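Peer 1: Okay, here's the structure, questions in a sec.
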Amino acid sequence: MNVRSGPNHDAPLFDVMLRVAREECAHAPWNDIEPMLAATWERLRSPSAPAWMDIVERVRACCQDAGTRH
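Here you go:
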C-alpha cells in the first residue's frame, strides 16, 4: 500500500510523521524514537492506511536524508 496513492486521508498524517521523525532524530537516536513513532502511527492511521512496518523504512530514510542521528 502507498500512503500517497489515491484519495487518502492519511497522507497528511504521513507528512507529519516525516516532519516529527526528522526533528526528533536531531535529538535522539533512531532506536529511541522509533517505538514512539510506530505507536503513534498505529493509533492514528485509518484501517485502510499502510501499517507501520510498510512505511518504517521511508520514515527512517527521512532521518538519514536530513543528516540527523540514526
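In our numbering, each residue's number is its place in the sequence shown (first place is 1) plus 7. For every residue, glycine included, the Cβ atom is placed at its ideal position computed from N, Cα and C. Source: prediction; values computed, not measured.
Do you know whose CA, among 56, 42, 31, lies nearest residue 19's CA?
Peer 2: Locating residue 19 in the sequence shown gives position 12, counting from the first residue. Comparing Cα-Cα distances from residue 19 to each of 56, 42, 31, the minimum goes to 56.
Peer 1: Cα separation between residue 35 and residue 29?
Peer 2: Taking the sequence shown and counting its residues from 1, the one referred to as residue 35 is at position 28. Taking the sequence shown and counting its residues from 1, the one referred to as residue 29 is at position 22. So the alpha carbons of these two residues sit roughly 10 Å apart.
Peer 1: Going by DSSP, what residue range makes up the alpha helix (DSSP H) through residue 18?
Peer 2: As a first step, residue 18 must be located in the sequence shown, where it is residue number 11. First-last of the alpha helix (DSSP H) with residue 18: 18 to 32.
Peer 1: State the Cα-Cα distance for the pair residue 17 and residue 41, rounded to the nearest angstrom.
Peer 2: Taking the first residue of the sequence shown as position 1, residue 17 is located at position 10. Taking the first residue of the sequence shown as position 1, residue 41 is located at position 34. The straight-line gap from Cα to Cα measures roughly 19 Å.
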